[in-house]
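Residue numbers (UniProt numbering): 1 to 156.
One structure is given below, encoded as structure tokens.
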């Protein structure tokens, strides 16, 4: 965590925004969704540690609502007519992209006055025979769907 905060400090980041998960564990959705949300049991501990390290570097941390971010079209701003099917978000305006990537973009745009710059592509690691192995090309893995390269960065 310290390495991450040092990198943010070196890049001149003054505020880190995180999703406010207050009451997420109290909401009862479905068995599958509840199972996923209860995997966030360490979230408060993680955030507390992040706050402590950020304070050492003079970086503030703000928890903000993520409401509608994974259903809001980054092209037209609509969230009423968009359709989220699994990881894909489609909009009548013609936009189609990864819902979580667009949620990150929407979340940052709503909470920050700074320009939203390109995001790094995610790296996937897999535990295999007691060793972590990097998967540099996740689209070649049958366990992971392809990412649309046109929307794999935030702030196109």
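In this text, a Cβ means the ideal position worked out from N, Cα and C, and glycines have one as well.
For residue i, the three-state DSSP class (helix, strand or coil)
i           : result
residue 5   : helix
residue 13  : coil
residue 106 : helix
residue 116 : coil
residue 19  : strand
residue 141 : Legend: pLDDT at residue 141 = 47, less than 50; position of this residue unreliable, no value from coordinates given.
Within 7 Å, strictly: CB atoms of residue i and residue j
i           : j          : result
residue 67  : residue 18 : no
residue 168 : residue 8  : Nothing can be reported for residue 168: it is not among the residues displayed for the chain, which extend from 1 to 156.
residue 79  : residue 87 : no
residue 105 : residue 74 : yes
residue 54  : residue 13 : no
Let me know the alpha helix (DSSP H) ranges lying completely inside the UniProt domain "Cas12f1-like TNB" (43-104), each 4 residues or longer, listed in chain order.
43-56
At a cut of 8 Å, does the stretch 39-57 reach the stretch 82-95 through at least three beta carbon pairs?
no
The stretch 100-114 in contact with the stretch 68-80 per 3-pair CB rule at 8 Å:
yes
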